[in-house]
Structures are given as structure tokens and as C-alpha cells.
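Quick notes on the structure that follows.
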Amino acid sequence: MPAKGAMSSPTRTPPASVTLEKQPAVDLDGVRRVFAAGSVVALDGVSLRVDPGAVVAVVGPSGCGKSTLLDLVCGLQAPDAGTVRSPAPAARGAATGAVLMPQGDTLLPWASALDNAALALRIAGVARPAARERARVELEALGLGQFADARPAALSGGMRQRIAVARTLLSGAGVICLDEPFGALDAITRADAQRWLTATLAREPRTVLLVTHDTEEAALLADRVVVLSARPGRVVADIPVPLPHPRVATDAAVVAVRAEVLAALEAGR
Amino acid sequence: MLAVLILLAFLGGWQAYADLSDIDEFLLPSPTDVLSTAWEDRGLLWDNFQVTAQEMGIGLLIAIVLGVGLALALHRWAQVRRGLYPLLIASQTVPIVLVAPLLAAWLGYDLTPKLIIVALVCFFPIVVPTLDALAGADPGRRKLMAGLGASRWQQLRFVEAPSALPALFTGTRLAVAIAAIAAVLAETAGSDAGLGHLMTQSIPQLETARAFAAVVLLSLFSLSLYAALTLAERRVAPWAHPPKGPVL
Chain A
1452 MPAKGAMSSP TRTPPASVTL EKQPAVDLDG VRRVFAAGSV VALDGVSLRV DPGAVVAVVG
1512 PSGCGKSTLL DLVCGLQAPD AGTVRSPAPA ARGAATGAVL MPQGDTLLPW ASALDNAALA
1572 LRIAGVARPA ARERARVELE ALGLGQFADA RPAALSGGMR QRIAVARTLL SGAGVICLDE
1632 PFGALDAITR ADAQRWLTAT LAREPRTVLL VTHDTEEAAL LADRVVVLSA RPGRVVADIP
1692 VPLPHPRVAT DAAVVAVRAE VLAALEAGR
Chain B
30 MLAVLILLAF LGGWQAYADL SDIDEFLLPS PTDVLSTAWE DRGLLWDNFQ VTAQEMGIGL
90 LIAIVLGVGL ALALHRWAQV RRGLYPLLIA SQTVPIVLVA PLLAAWLGYD LTPKLIIVAL
150 VCFFPIVVPT LDALAGADPG RRKLMAGLGA SRWQQLRFVE APSALPALFT GTRLAVAIAA
210 IAAVLAETAG SDAGLGHLMT QSIPQLETAR AFAAVVLLSL FSLSLYAALT LAERRVAPWA
270 HPPKGPVL
């Protein structure tokens, strides 16, 4: 177990009985997205339904439109064809109820971890003291309380990404889209961060779209792995992962999922 | 520290040359001549220093307000940028040497024409880096803000303005460095007080040491403004100079 930022019960069951709504949390139907005046087709005919509370990993080769897919779900881009349905916005002014954690280190270097975590609330119009108070409670709950007053420059890469995840959760959005959240971390730090994310989602269940190029990460975290083909991105495989948490990377069942995902990736090139 | 050593070596060489050669004191006063003149003329220097310091200080404040305001406007509205940016660049090609006497003729010998010259020369190095930094805010952070539903104002408030703050300080430090030259130039064109006025008066009166003393005083003032800005930046934008320390 990680020494820092660990939580007691890193177990999470896949979405059990979905309460009243049978409707998917995210529903993409025949989505097409083109760039550079039609010469680059990023996504073509992508249909994807995500149940509320599900963690869906999206894997695919570089440039297959994974990030574009998240932008579409979060309302940051509009499809050229097809429809994208996301939940109603949780925050004032937000396009949808899906919030993106963009790729890379997007913490604000001038703000403390606490103020970074409080950012979504501030943008939603919550006054600074109240936003900070709620952020402090959340950071404590996620085992990050001791870092609240540090600036990002004083934090390790793993801690920075955790703060960024906490900020995304604090938006209150029902759907969170994580774009390679731990992509820049070394293997050991990444494993810690993945365990932390599993425990966090057990505490605060959300619908999660997780873009990753790491098949191990997909097999460890997701209830379902969606594999996209090389550009133009299409769904070439949709692999359920009905394994309990916490998962171990070397577990035979996890390795079997990885093998299946890798085979689908290879087939989709 | 190194700067002090270099300065001392330079002053030593200068003193030695002035003492050992037969050069006339009216042509090249030695550092000790300059020092003793500065002490003798301290009242005169102080009165004229206050005039120039006021021109530089107020002129710089106008330049900062103007520079920040223009940078924000050029950043916010693409039309303003397209329409005004070429004119701003053109404003910098106006030969100040010709404009300064004209302003003195139109507006007299008092403070106003000096403030115009200082502000005109100093706003440009503030606008350009600030505008670039506003526009160059990290795209990932902009995207994050857009995803959270941030308004234009919130993008500026939370991401763009803090991103541009170190550049604003850099621009202001450049402006401080040239403000002294601008003030002296404006005084040369027409004035009855100020260190620039004193310098131009001293040389034909063969009071070369006094002119040098005025230059030294002006340099010291610019240096202290520069140092004050550096300290202010450390306080206001500490993230731009993160302390080297252990990572949590």
C-alpha cells in the first residue's frame, strides 16, 4: 500500500443495480469529427453508451481521437455528425455535466493545492472562503490534507495529479473525463496513484471516462475497456472487466484482460 | 558581488588614469573629484534630482497603467489588436529627439511634456511582453477552465492574468532602465530644472564633475527602482522563482 495518501478501504464494486434511471450517463451515437477542413477524420461512426457509475477506459493508438472523444463528451467540441448526449450541467455556465481533467499538468502554479482544488467551485460562483472550506474537507477525505497549503512546485508529480483529480471531483459533475491522468508518472508512482484512484472512486462513485494508452491501467481500473482503431477512430472492441477491486497487475485475470485489449489494439491498426 | 568588484576595478583604473596622466579635470574628472563635487553641490543636485525623480516616477506609473490597459484591450478584442497594434509599433518609430522640443514648445517647460515623453517611451516594453504572456497562457489550463464552464472574465482572473504577471514585471524593469534616458532627453529639449537640465548646463560651464555626479545619482535611482521591482516581484509572483527545496 502507498505510505502517503492511502485510504482504508480500496474496494469498489462495479455499478450494481442502477437506481431509477435506466438511461445511460453518456450516450454517443454515430459520432463523426473531422479537422483541417475535412482532410483529417478524427472519429468516425463512434457509438458509446456509458451506464451511470461505470468506469470506462478508452484505449487506442496515438492520434486516434481519444482526447477528441472526451472533448465531445464535455461539450468542448461539437460533433460533425451524430449526437452526443451528456448529463445536465452541475456548474453554472458549464456546457454539460461532464468535466474534463485535461492531459498534462494543469494545476495553477500560482495557487496552493487547496485553491487549485477549490477552482471548480470558485468558477461555479462559490465564494472563496466557502469553496476553500469544502476543498479542505475533500482533500482531508482523500488523504491529501497535509498538502493543502503547498504550491504545486513543491509537490511531486503523483501528488499534483491527485490534487487535479480532487479538483475535478469537487466540480460535482456526475461524469468525469480523465485524459491520461497518470501518463507522465513513473511506474511505481503510477501504481500508487492508480490504487488511490480506485479507493477514491469507491468513496465517491462517479461515471468515469478514462483515456489511457496504458493497457495495464485500463485493466486495473475499468469496468469496461473500449478499444479505438487508428485514425479515423472507431470502436473496434468493447471488453467487460467483471473483476473485483482492488486488482493486482500480475493477477491472471487482469493479465488476460490486458491480452484481450492488446489483441484488439493490434487488430485495429 | 561580482558587479561590485568589476565596478571597483573600473573606478580604480579610472582614478589611476586621471591621476597619472595629464588629462584636464574639465575633460575627465577622477572619481574622487566627482565624489567631492557631489558633496559640495548636494543641495543643487538634490533639488534637481527631485524634479527628475518625479518625472520618472509619475511617467512610469502612467506607462504601467497605459501598458496594462492596452495589453488587456488588445488581448480581449481581436479587432482592437489588428487596428491598434501596428499604430503602437509606429509610435515607437517617432523620433523622440524631434518630438520633445515640439512638446516643450506646445506645452511649456513644466512637468506635462516630460511625463508624455517618459510614458511614450516606457509603455511599449510593458505592452509587448504582457500581451504575449496573456495570449500565451497554457492551453491545457485554458481547456481546463473552459471545461469547468469559466467565463471570459474568469479565464482572465484565474489563468491569464497570473500567467502574465511575471512578464509585466519584466517589461516594467525594462521600462525603468530607459525611463532615465527619456526624462533626461525631455529635459534637454526644454526645461529649467532636473538632472538632465543640470547636465546640459554643467558641461558648457566646464563643471564636468557636476555632470558626472548627476549621472551617478540618476544611475543609483534607476538601480534602486529596479531592485525594488525585483523585490516586489518576489512577493507578488513567488511562483515565478520557486525556492529549491524537497518535494512533498
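So the sequences go chain by chain: A and B.
Heads up, the first sequence is in my numbering, so the first residue is 1452 and it goes up one at a time.
Heads up, the second sequence is in my numbering, so the first residue is 30 and it goes up one at a time.
Heads up, the beta-carbon is just placed ideally off N, CA and C, and yes, glycines get one too.
Closest residue to residue i among the options (Cα-Cα distance)
i, options, result
"A/E1667", "A/S1563, A/D1566, A/A1562 and A/A1707", "A/A1707"
"A/I1614", "A/L1558, A/V1550, A/T1534 and A/L1520", "A/L1558"
"B/V245", "B/A67, B/I35 and B/F39", "B/A67"
"A/R1685", "A/V1497, A/S1490 and A/V1485", "A/V1497"
"B/E84", "B/T229, B/W268, B/I210 and B/F241", "B/I210"
"B/A238", "B/A32, B/L249 and B/L56", "B/L56"
"B/M268", "A/L1679, A/D1556 and A/P1560", "Reading the sequence as shown, one finds Trp at residue 268 of chain B and not Met. Of the listed residues, the one whose Cα sits closest to B/W268 is A/P1560."
"A/A1718", "A/L1572, A/L1671, A/A1487 and A/A1681", "A/A1681"
"B/A257", "B/L140, B/R181, B/G86 and B/R171", "B/G86"
"B/Y255", "B/L177, B/R170, B/T201 and B/S192", "B/T201"
"B/G165", "B/Q184, B/L260, B/S120 and B/L116", "B/Q184"
"A/P1503", "A/A1578, A/L1593 and A/L1652", "A/L1652"
"B/G72", "B/A243, B/L140, B/W135 and B/R111", "B/A243"
Residue i classed as buried or exposed, judged by whether at least 16 other C-beta atoms fall within 10 angstroms
i, result
"B/S59", "buried"
"B/H270", "exposed"
"B/I146", "buried"
"B/V123", "exposed"
"A/V1535", "buried"
"B/R263", "exposed"
"B/W126", "Correcting the residue identity first, residue 126 of chain B is Val in this sequence and not Trp. Exposed: under 16 other Cβ atoms inside 10 Å."
"A/V1491", "exposed"
"B/L49", "exposed"
"B/I52", "exposed"
"A/S1513", "exposed"
"A/T1425", "What is shown of chain A runs 1452 to 1720, which leaves residue 1425 of chain A out entirely."
"B/F198", "buried"
"A/R1583", "buried"
"B/E54", "exposed"
"B/G42", "exposed"
"B/Q112", "It is Gly, not Gln, that sits at residue 112 of chain B in the sequence shown. Burial call: exposed."
"A/G1481", "exposed"
Within chain A, partners of residue i - CB distance below 8 Å
i, result
"B/F152", "Simply none; closest approach about 25 Å."
"B/G169", "P1553, Q1554, G1555, D1556 and T1557"
Residue i - DSSP class collapsed to helix/strand/coil
i, result
"B/A166", "coil"
"B/S251", "helix"
"A/T1658", "strand"
"A/G1625", "coil"
"A/T1470", "Low local confidence applies: a pLDDT of 49 at A/T1470 is under 50, so the model's placement there is unreliable, with the coordinate-based value given in what follows. Reduced to three states, the DSSP call for A/T1470 is coil."
"A/T1663", "coil"
"A/A1714", "helix"
"A/G1684", "strand"
"A/P1404", "For chain A, the structure presents residues 1452 to 1720; residue 1404 of chain A sits outside this window and is missing."
"A/V1699", "coil"
"A/V1577", "coil"
"A/M1552", "strand"
"A/V1616", "helix"
"A/G1634", "coil"
"B/L235", "coil"
"A/G1533", "strand"
"B/L127", "helix"
"A/S1607", "coil"
"A/D1566", "helix"
"A/L1679", "strand"
Same chain, Cβ closer than 7 Å to residue i, neighbours up to 5 away in sequence not counted
i, result
"A/A1568", "A1586, E1589, L1590, I1614, A1617, R1618 and L1621"
"A/G1609", "L1636, T1640, D1643 and A1644"
"A/A1669", "A1508, V1510, T1663, V1676 and V1712"
"A/R1709", "T1666, E1667 and A1670"
"A/F1486", "A1493"
"B/V80", "A222 and G223"
Close beta carbons around residue i, own chain, < 6 Å, minus the five adjacent residues each side
i, result
"A/V1699", "none"
"B/V156", "G96, L99 and A100"
Under 9 Å from the C-beta of residue i: neighbouring residues of chain A
i, result
"B/L185", "Within 9 Å Cβ-Cβ: nothing; B/L185 doesn't reach chain A, min ~12 Å."
"B/V188", "L1559"
"B/P191", "L1559, P1560, W1561 and A1562"
Within chain B, the residues that residue i reaches when beta carbons sit closer than 7 Å
i, result
"A/S1622", "L177"
"A/V1550", "G176 and L177"
"A/A1571", "L177"
Interface partners of residue i on chain B, CB under 9 Å
i, result
"A/C1515", "Within chain B, no residue comes near A/C1515; the closest Cβ sits about 19 Å away, beyond 9 Å."
"A/I1574", "M174, L177, G178, A179, S180, Q183 and F187"
Neighbouring residues, chain B, relative to residue i (Cβ below 8 Å)
i, result
"A/L1527", "K172, A175 and G176"
Proximal residues of chain A, C-beta to C-beta of residue i below 7 Å
i, result
"B/W268", "P1560, W1561, R1602 and A1604"
Same chain, Cβ closer than 8 Å to residue i, five either side skipped, listed in chain order
i, result
"B/K143", "E84, G88, A212, A215, E216, S220 and G223"
"A/R1720", "P1512, S1680 and A1681"
"A/S1607", "T1640"
Contacting positions in the stretch 37–51 of chain B - beta carbon closer than 9 Å to chain C | In the structure shown, chain C does not exist; the protein chains are A and B.
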